[in-house]
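A short worksheet on the structure shown next.
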Amino acid sequence: MQHRGLIHLSHVSLWLLFAQTSADLPLCKESDYHFEYTECDILGSRWRVAVPNKANTCTGLPDPVKGTQCTFSCSEGEFLDMQSQECQKCAAGTYSLGTGVAFDEWDSLPTGFITYGVSSNNEDSHINCSNSTWTPKGDYVASNTDECSAVLSYAVSLKKPGIVTYEYFYPDNNIYFEFFIQNDQCQSTESESRWMKTSEDKWSKYQVELKKGNNVLYWRTTAYSVLGDAVKPVLLRDIGISGVAYTSECFHCKPGTHSAKPGSARCAACPANTYSTKGATVCHQCEQDQYAEAGSGICKPRPACTNSDYFYTHTPCDSEGKTQLMYKWIEPKICNETTEGSVMLPASGEKQTCPPCNPGFFVTNSSTCEPCSSGLYSNGTACDECPVGTEPVLGLEYKWWNTMPSNMKSFILRQRFSDYDHNTAWEVAGDYVYTTAGDEDTDLLMLTLSVPGYRLPESLAKDSERGELSRITFVFETVCTADCRLYFQAGNNLWNKNVVEQWKGSNSKQSYSYLIQSNSTVSFRWSFQRTETFLTERKYSGDIAKIYSIHLTNVIGGVASQCRHCALSTDNTDSACVPCPPGHYMVNGTGQCMRCSQNSYISAEQPVGEAACIQCGPNTERNEAYSACLSDCTLGVQMTGQPLLHYDFSPLANVTGFNSGSRFTNKGLKYFQHFNVTLCGKEGGLPATCVENVTDSARMVKGYVCQSTIVPSEIRSQSVVSSQPFVIGDSLIGVTTDTALSGISSPQWLFPSESSLPDVIFYYKSSKVTQACKQGRSATIRLRCEPTVTAKDHITLPSNCSEGTCDGCVFHLLWQSQHACPLCTKNHYREIVSACLQGIQKTTYVWQQPLQCFGGESLPAQKVNACVSLDFWLKFGVTTGIIAALLLISVSCYFWKKTRKLQYKYSKLVMTSGGKECELPTADSCAIMEGEDAEDDLMDLTKKSFFTKMKSFSRERSSDGFDSVPLKSSSRFQREDSDSDDS
């Protein structure tokens, strides 16, 4: 039904305009005009005036008369007859709300409603949001699913306080949904009541009071899933508003509905296989070969039946341990068995042997399955006591599906109206449970599992700090020909369930595990949707999802399928199980506890056997609880041929956050990837936390490294919106300078460096396994020494992997800081000694360049020492040199004179030898005799200067290498000998 709006009011002046007579115009008939009320005056009075349907077509309009009071209104099922100004009942086939209006037909946008799209952030005003609006879908109107804000508004003027009611379906917490009201002064609803809560498993109803006067109603949605995940729209239907003064007409029932009695306030929907036209008083039956869904305006021909039009189920086991296989048509049945090529429904009643009871249950005399008592265990047949030294392993394990377990329920969430009461979405089939066909392919087929909580067994009670409280594992399969989806959600018992994982299309039989770390996670849901595309008939009912088994550990009130060896208390006579001491593991098949090797911790996933001990990585130490490895933020690095480098990363230990570069969606919406990091620290330190604040159900994740998507926004009085948080690393693997550790690689080419100092790399890993990351996510943080960087949050991402990861699983971060440098030591500086100036000499210490240290030892202060200047030593050296030169000359002269004397004596001996070869005269004495000095005077030496003598000495050298010294005394002796011979 389209709402035709409220009666438009006009002023008395309008009536005066048309009251002018004209001889050429005929008199007005009742069909030529209609009545309206003028605006109310300050006394609450008004006038009824006649307004021509078309100007200048007739004359003689009725005179204005005094109207009803402005507060006058009619009851439900009535309308105000403007001719008599009295309330009249609506005829059959029509309806009215009296003082209200209703909108339950959304084939098109009803009159008075306005929808438009705007950017969620003023900075992104260039985004084209013109097509991001609310879209009518027949029975409801659907919101947008992109990053724009879609607004749906309706303005109404109330003559008295009223109420607005509507139904909505809000399944996805990746989208904002708010409802608020503005009055004449544009004042909005208080913020605490404007934000809608997500729907649990059905349409939610909302009601809020309206004040007298003008009210503008706003429904606004904004999606914040920028990572490509599909977002489910918000659905809105059955909007009703009360408090309007009157309605002057009744509204016809829309096709598919009817009202049989006069004075109806609502139209009833036609049941299945019937139809009606607009304004109908009864519903008509379809022909035998035709069908119609509930609330349909037409009948459709029945197609031939196929194997997809029926399903099968099992009856409960009888006293003989037998179950019957039952085949049923999918309701509502729309196919025709008599059409050529149609399949027949298989015969029911075939008896089969009942499957065994699930582990932890036993078979009763009536062939039903009952849980074993506390302390007992069973493989599905009979219950037995656990032997001494063992304890039951409590949990829930469903792998045989003869009946639906009491803590599991299935239902269909329909997005269109239906009066069909069939609500079973999943049926048991012995080896598995599978999805049935809903009314439409767009229906959500839901299966829920609820538990009271979790408790660790006594032997592991002291190990609760490990983080694994419980674990759910299920085996599933999907077979689809369309774009089907299977969602797995986890949350509490209320309306808060987060999508943990989803699978698209066909998926082969596989297993999935989810780690439970909080006792608030007590409800799980599997939702299967065949397609999101609305079709006029069922087309993909053969697309199914199967769940083969579900296993949940450490459940309070659970049953045991096996017993586990445990350590026994020596102080307790009843041999109660106790945990192994910290740092010990239990040997397989025994109750003996063995100590793990040094610096190792106990695995939470494998607490039994030697494999439970996991060695801590390099430069890490296990914590006191033996549950993890930690780093105290200090490190020693030994480089080849260099002294040991000491690091202290304590200034970087606090939680640090940073954003990636700006990114944009297809529509141009700007967003960031926000990272929070806790590098290192002792036990009990504050972890990095990432939150989701899209809805009131804020979700939080914690670890060493986490990420969320940040969108600048002005919605909800917040500067940013944080969504889709996840943990990248919740355990520290090791700290080293190596580029690979435990299967995690940090290639050097991601962050090239010209420094000779190696980067220190922290390796982290997450225990959560996803569909894309089978080994879980991991992260590497490179610490690079940059003495000039004083900021403590200078963290960057790889240039060729702008989101921090190249494969979506391993994230790489570079942290540059002066605090990432080794501590300074004596090896990092050198000394410079100045010249001695005026008896003072200074010693200055400077850093080696390039500087590659920070903190540690400081530069020593400048030293000043007394010294002797260069002038003194120069004078002393010159004087000493002169004295040495004089002494050398004196010694040279002395030895030269001595040498001359020896030459003389030698020459004299030669001359006295008498010319005989090889014969020298016998010397009377080798010493210089007295008087020999006198003979020296005979030498002709005094006639020559010293330099002349030296010159002649150098020239008088014979060819045999001996010096030839002319001696005057020898000549004189020769002459004397000659004279004596003559005589």
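Under this note's numbering, the first residue of the sequence shown is numbered 1467, with each subsequent residue one higher. Using N, Cα and C, we set each Cβ at its ideal position, and we do this for glycine too. Since the structure is predicted, the reported quantities are computational estimates derived from the model, not experimental observations.
- Query: Using the rule of at least 16 other Cβ atoms within 10 Å of the residue's Cβ for burial, across every protein chain shown, is Trp1969 buried or exposed?
  - Reply: Here residue 1969 corresponds to residue number 503 of the sequence shown, with the count starting at 1. The residue is buried, with at least 16 neighbouring Cβ atoms inside 10 Å.
- Between the C-alpha atoms of Leu2353 and Lys2371, what's the straight-line distance to the nearest angstrom? The count along the sequence shown starts at 1 and reaches residue 2353 at position 887. The count along the sequence shown starts at 1 and reaches residue 2371 at position 905. If I take the Cα positions, the gap works out to 28 angstroms.
- Query: When you compare each of Glu1502, Cys1614, Ser1774, Arg1937 to Pro2235 by their alpha carbons, which one comes out closest?
  - Reply: The residue labelled residue 2235 in the question sits at position 769 within the sequence shown. Reading off the sequence shown, one finds Val at residue 2235, where the question assumed Pro. That would be Arg1937, whose Cα lies nearest to the Cα of Val2235.
- Alpha carbon to alpha carbon, what distance is there between Leu2096 and Asp2047? Taking the sequence shown and counting its residues from 1, one reaches residue 2047 at position 581. Taking the sequence shown and counting its residues from 1, one reaches residue 2096 at position 630. Strictly speaking, residue 2047 in this sequence is Pro, with Asp absent from that position. Their Cα atoms are separated by approximately 20 angstroms.
- Just mark Gly1559 as buried or exposed, buried being the case when its beta carbon has 16 or more other beta carbons within 10 Å. In the sequence shown, residue 1559 corresponds to position 93, counting from 1. It is buried - the Cβ of Gly1559 has at least 16 other Cβ atoms within 10 Å.
- Same chain only: Cβ atoms within 6 angstroms of Gly1628, ignoring 5 sequence neighbours per side: Along the sequence shown, read from residue 1 onward, the residue named residue 1628 stands at position 162. Within the same chain, Gly1628 has close Cβ partners Leu1676, Ser1708, Gly1709.
- Which class does Ile2176 belong to by DSSP, given the choice of helix, strand or coil? Your numbering for residue 2176 matches position 710 in the sequence shown. If DSSP states are grouped into helix, strand and coil, Ile2176 belongs with the strands.
- Between the CA atoms of Asn1681 and Arg1512 - distance to the nearest angstrom: Working through the sequence shown from its first residue, we reach residue 1512 at position 46. Working through the sequence shown from its first residue, we reach residue 1681 at position 215. Distance between the alpha carbons of Arg1512 and Asn1681 is about 22 angstroms.
- Task: State the Cα-Cα distance for the pair Ile1853 and Leu1842, rounded to the nearest angstrom.
- Result: Start at 1 with the first residue of the sequence shown, and residue 1853 comes out as number 387. Start at 1 with the first residue of the sequence shown, and residue 1842 comes out as number 376. Reading the sequence as shown, one finds Pro at residue 1853 and not Ile. Computed Cα separation, rounded: 10 angstroms.
- Message: Check this for me: beta carbons of Ser2453 and Ser2126, under 8 angstroms apart or not?
- Response: Residue 2453 falls outside the range modelled here, since the chain spans only 1467 to 2449, and no answer is possible.
- Message: Can you confirm whether the stretch 2295–2313 touches the stretch 2322–2337 when touching is taken to mean that 3 or more C-beta pairs between the two stretches lie within less than 8 angstroms?
- Response: yes
- Is the Cβ-Cβ distance between Tyr2051 and Gly2075 less than 8 angstroms? The sequence position of residue 2051 within the sequence shown is 585, counting from 1. The sequence position of residue 2075 within the sequence shown is 609, counting from 1. Yes, the Cβ-Cβ distance between Tyr2051 and Gly2075 is below 8 angstroms.
- Query: Got a sec? Which residues, its chain only, sit under 8 angstroms from Pro1782 by beta carbon, not counting five neighbours each side?
  - Reply: Residue mapping note: residue 1782 aligns to position 316 of the sequence shown, counting from 1. Within the same chain, Pro1782 has close Cβ partners Thr1789, Thr1834, Asn1868, Thr1869.
- Message: I need the boundaries of the beta strand (DSSP E) containing Leu1910, first residue and last residue.
- Response: Working through the sequence shown from its first residue, we reach residue 1910 at position 444. 1910–1916 is the extent of the beta strand (DSSP E) around Leu1910.
- Task: Can you grab the Cα-Cα spacing for the pair Thr1939 / Leu2018, in whole Å?
- Result: Against the sequence shown, residue 1939 aligns to sequence position 473. Against the sequence shown, residue 2018 aligns to sequence position 552. If I take the Cα positions, the gap works out to 7 angstroms.
- Query: Mapping DSSP to helix, strand and coil, what is Trp2362?
  - Reply: Indexing the sequence shown from 1 puts residue 2362 at position 896. Trp2362 falls in the helix class under three-state DSSP.
- Message: Can you find the residues in the same chain that come closer than 6 angstroms, C-beta to C-beta, to Met1467, ignoring five residues on each side of it along the sequence?
- Response: Counted from its first residue, the sequence shown places residue 1467 at position 1. With a pLDDT of only 41 at Met1467, under 50, the local geometry of the prediction cannot be trusted, and the value read off the model is given with reservation. Within the same chain, Met1467 has close Cβ partners Glu1571, Phe1717, Lys1720.
- Exposed or buried, what is Ser2420 when buried is set at 16 or more other beta-carbons lying within 10 Å of its beta-carbon? The sequence position of residue 2420 within the sequence shown is 954, counting from 1. Here the model assigns Ser2420 a pLDDT of 48, short of 50, so the residue's position is not dependable, and the following value carries that caveat. Classification of Ser2420: exposed, given that the 10 Å Cβ count is below 16.
- Message: Measuring CB atoms only, is the stretch 1594–1605 touching the stretch 1628–1644, in the sense that at least three cross pairs come out at less than 8 angstroms?
- Response: no
- Item | Own chain, CB closer than 6 angstroms to Val2053, minus 5 neighbours either side, in chain order | Here residue 2053 is taken as the residue at index 587 of the sequence shown, counted from 1. Contacts found: Met2060.
- For Ile1764, name the three-state secondary structure that DSSP assigns. The residue you call residue 1764 lines up with position 298 of the sequence shown. Residue state, collapsed to three classes: coil.
- Which partner residues does Ile1982 have in the DSSP bridge list? Residue mapping note: residue 1982 aligns to position 516 of the sequence shown, counting from 1. The partner list for Ile1982 (beta bridge, DSSP) reads Ser1936.
- Message: Less than 8 angstroms between the C-beta atoms of Thr2131 and Tyr2113, yes or no?
- Response: Taking the first residue of the sequence shown as position 1, residue 2131 is located at position 665. Taking the first residue of the sequence shown as position 1, residue 2113 is located at position 647. No; because the gap between Cβ atoms is not below 8 angstroms, this pair is not in contact.
- Using the rule of at least 16 other Cβ atoms within 10 Å of the residue's Cβ for burial, across every protein chain shown, is Ser2208 buried or exposed? As a position in the sequence shown, residue 2208 is number 742, starting the count at 1. That one is exposed.
- What is the DSSP secondary structure of Met2052, counted as helix, strand or coil? Position 586 of the sequence shown, counted from the start, is the residue given in the question as residue 2052. Three-state DSSP puts Met2052 in a strand.
- Contact belief for Leu1791 with Tyr1776 at Cβ below 8 angstroms, rounded distance in angstroms: Residue mapping note: residue 1791 aligns to position 325 of the sequence shown, counting from 1. Residue mapping note: residue 1776 aligns to position 310 of the sequence shown, counting from 1. About 12 angstroms separates the two Cβ atoms, so there is no contact after all.
- Task: Find the nearest neighbour of Gln1411 within the set Gly2270, Asn2020, Ile2010, Lys2292, judged by alpha-carbon distance.
- Result: With the chain covering 1467 to 2449 only, the question about residue 1411 has no answer from this structure.
- Task: In the DSSP assignment, find the unbroken beta strand (DSSP E) run with Thr1743 in it and report its ends.
- Result: Position 277 of the sequence shown, counting from 1, holds the residue named residue 1743. Segment: none, Thr1743 is in no beta strand (DSSP E) and carries neither H nor E.
- Message: Checking 8 angstroms against the spacing of the C-beta atoms, do Asp2204 and Lys2148 come in under that value?
- Response: Counting from one through the sequence shown, the residue named residue 2204 turns up at place 738. Counting from one through the sequence shown, the residue named residue 2148 turns up at place 682. Cβ distance not < 8 angstroms, so Asp2204 and Lys2148 don't count as in contact.
- Look at the alpha carbon of Tyr2295 and the alpha carbon of Leu2223, and state the distance between them as a whole number of angstroms. As a first step, residue 2295 is located in the sequence shown; it is residue number 829 there, counting from the start. As a first step, residue 2223 is located in the sequence shown; it is residue number 757 there, counting from the start. So the alpha carbons of these two residues sit roughly 16 angstroms apart.
- Under a three-way DSSP split, which group does Gln2237 fall into? Here the question's residue 2237 lines up with position 771 in the sequence shown. Coil.
- Item | Other residues of its chain near Glu1836: CB distance less than 7 angstroms, five sequence neighbours each side excluded | On the sequence shown, residue 1836 is found 370 positions in, with the first residue counted as 1. Excluding sequence neighbours, Glu1836 sits near Phe1827, Phe1828, Thr1830.
- Message: Please return the same chain residues whose Cβ sits closer than 7 angstroms to the Cβ of Val1626, not counting the five positions on each side in sequence.
- Response: For the purposes of this step, residue 1626 is taken as residue 160 along the sequence shown, with counting starting at 1. For the record, residue 1626 in the displayed sequence is Lys; it is not Val. So the list reads Thr1537, Lys1678, Gly1709, once near-sequence residues are dropped.
- Query: Helix, strand or coil: which one does DSSP assign to Val2160?
  - Reply: Residue numbering aside, residue 2160 sits at position 694 when the sequence shown is read from its first letter. In this structure, Val2160 counts as coil in the three-state DSSP scheme.
- Item | 4 or more residues per run - each alpha helix (DSSP H) lying fully within the stretch 2191–2249 | none
- Name the DSSP bridge partner or partners of Cys2029? Indexing the sequence shown from 1 puts residue 2029 at position 563. Paired residue(s): Pro1858.
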